[in-house]
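Numbering (UniProt numbering), first residue to last: 1 to 562.
Glycine included, every Cβ here is placed at the ideal spot set by N, Cα and C.
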């Protein structure tokens, strides 16, 4: 992403020209100039400088949707809403993530609009235009308009997407998608007694004041098809410099809403940006306030970091935040395992394993593997015992860890399927396996008991976790990673040959065959016989043929009767 980022951003900004006269245009005091050096110089300079406050005379970078180089192409339904509000004599801007993502050249599907119109007036304007309106947050001046558009988010009128267009969007003869657009009245906030929500909301007339309450400069920009990019807090410069910077005083901004502590990490992870120094200090200082935030919100932000593949970075550089978000991780910090197998404390071992898992997966590790690589040894401090020589032992830590991980991920409100599969990876991360057919099939059968129909993908991810775990140990013990390569090769050979058997449905014999053999009626006894046959096949004591299995079953029954 960072390669040639400044060139990409500059090329996609429109040509600067004098702003068109408009009754709703904020005063323009000159063209906002960006000073751009190399990416490394800009990133370092911006990340080292303290947070900037807006000037008294904010600038506007004018642009037009008709420009061939303009990347700000609004969906026609959003453009239509802007037109409706401004035709009624009010001012409106597109704000937030859509503007940021447009500058980065990333697709963005959610359009947010803010206006100086009272929410009651906006609702009436939209309803008069036959647009569906929901009063989703009127306490904060927010309503949601639901617009009809094509499945890809465009309409027929997108081809004529001009700021002076007056035609209401109408889709082609294709099924219409429903797109929500949030419209919020300009506001400022004060008093955050719960470290999350404002105690008081005051509606204002200034877009600059509205942008001042936002979290980071890259999210505090506004755009209008005629008036251009409005950037009073230098968010565009921070995008160029790959910098996450709080708007105004970082300590105040993060204290207002402690979830912004994790949002800073998520944006840095998602865009591979650096966090500006003063903002970073505020992040660490405000991290303890995460204890006041709802767990499901914390889970959502952590999943964003996980999705970016940057959990190793977060663990390595944001320890205070990660411990505040997941207190159980704190037990791993500086925990000496007192064993020759390990050269890192438990927390740094987790970082090494998470890093290796990402590398072995080519940066495409599944979410469950990323969580499991961080949590696989989390129960060791609670299971530790020491022998007479002071050497540490951690009997039962995989099962204890599985229970801890289940508790943590449920608390964070993660999906049940994700929780279950992550728990199984932790449970099996230390399970012994040898590079033999019988050992691999037994491992697969055990996996299938805990996670039916997921054993195969979990087996390969378990091998990645085992291999990564080996590389996170002391140097003499890293060779076990080569053993895992041999184990995985056995499984791949079984799959290629079509001889893999670890589930009842993999047996060639069926329940009907058994019923005919004994001339009996169906019942639970049939499943019990199939389980016995499967066990013998997995352990290599019985071939997977109908004749061999029925013959073995007959002998077994005779022996039991005698």
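For residue i, does the count of other Cβ atoms within 10 angstroms reach 16, so buried, or fall short, so exposed?
i           : result
residue 219 : buried
residue 35  : Any reading at residue 35 needs caution, since the residue's pLDDT is 30, under 50, leaving its predicted position unreliable; the model's value is listed next. So residue 35 ends up on the exposed side.
residue 84  : buried
residue 553 : buried
residue 482 : exposed
residue 290 : buried
residue 424 : buried
residue 213 : buried
residue 632 : This structure gives no information on residue 632, because the portion of the chain shown stretches from 1 to 562.
residue 116 : buried
residue 14  : Note that residue 14 scores a pLDDT of 38, beneath 50, so its modelled location is shaky and nothing firm can be said.
residue 134 : exposed
residue 419 : buried
residue 216 : buried
Among residues of its own chain, excluding the 5 on either side of residue i, which ones have a beta-carbon nearer than 8 angstroms to its beta-carbon?
i           : result
residue 361 : 369, 464
residue 321 : 261, 262, 265, 283, 284, 287, 290, 314
residue 118 : 141, 185, 203
residue 97  : 108, 110, 112, 219
residue 341 : 473, 474, 477
Under the three-state reduction of DSSP, which class applies to residue i: helix, strand or coil?
i           : result
residue 536 : helix
residue 140 : helix
residue 278 : helix
residue 166 : The predicted model places residue 166 with a pLDDT of 44, which falls under 50 and marks its position as unreliable, so this point remains unresolved.
residue 336 : coil
residue 115 : strand
residue 293 : coil
residue 135 : strand
residue 543 : coil
residue 180 : strand
residue 229 : strand
residue 149 : strand
residue 102 : helix
residue 393 : strand
residue 386 : strand
residue 23  : A caution first: residue 23 carries a pLDDT of 35, below 50, which makes its placement in the model unreliable, though a value can still be read off. Looking at residue 23 - three-state DSSP - the assignment turns out to be coil, as it is neither helix nor strand.
residue 512 : helix
residue 355 : helix
residue 431 : coil
residue 568 : Nothing in the structure corresponds to residue 568, since the chain is present only between 1 and 562.
residue 273 : coil
residue 29  : Since pLDDT at residue 29 reaches only 26, below the 50 mark, its modelled position is unreliable, and the value read off the structure follows with that caveat. Here residue 29 sits in coil by DSSP.
residue 220 : coil
residue 405 : helix
residue 555 : helix
residue 122 : helix
Keeping to the same chain, check which residues put their C-beta closer than 7 angstroms to that of residue i; ignore five residues upstream and five downstream.
i           : result
residue 355 : 312
residue 325 : 262, 290, 298, 302
residue 422 : 368, 371, 372, 405, 409
Which value, in whole angstroms, describes the spacing of the CA atoms of residue i and residue j?
i           : j           : result
residue 251 : residue 233 : 17 angstroms
residue 274 : residue 497 : 49 angstroms
residue 520 : residue 530 : 15 angstroms
residue 319 : residue 409 : 19 angstroms
residue 452 : residue 444 : 10 angstroms
residue 222 : residue 99  : 7 angstroms
residue 400 : residue 347 : 17 angstroms
residue 494 : residue 501 : 9 angstroms
residue 459 : residue 268 : 32 angstroms
residue 383 : residue 327 : 17 angstroms
residue 437 : residue 447 : 15 angstroms
residue 527 : residue 534 : 10 angstroms
residue 473 : residue 556 : 47 angstroms
residue 114 : residue 296 : 27 angstroms
residue 515 : residue 541 : 23 angstroms
residue 338 : residue 242 : 41 angstroms
residue 228 : residue 414 : 40 angstroms
residue 357 : residue 334 : 22 angstroms
Assuming residue i and residue j form a contact by the criterion Cβ under 8 angstroms, report the distance between their Cβ atoms to the nearest whole angstrom.
i           : j           : result
residue 236 : residue 103 : 6 angstroms
residue 141 : residue 178 : At roughly 23 angstroms, the Cβ-Cβ gap does not stay under 8 angstroms, so residue 141 and residue 178 are not in contact.
What do you reckon, is the C-beta of residue i under 7 angstroms from a heavy atom of the ligand NAD?
i           : result
residue 272 : The model on display carries no ligand, and the ligand NAD is accordingly not part of it.
Among the residues of its own chain, which have a CB less than 6 angstroms from the CB of residue i, if the five just before and after it don't count?
i           : result
residue 547 : none
residue 407 : none
residue 180 : 144, 146
residue 442 : 538
residue 455 : 444, 447, 448
residue 90  : 115, 116, 117
residue 466 : 484
residue 127 : 133
Can you check whether the C-beta of residue i is within less than 8 angstroms of a C-beta belonging to chain C?
i           : result
residue 400 : Structure shown: chain C not included; a single protein chain is present.
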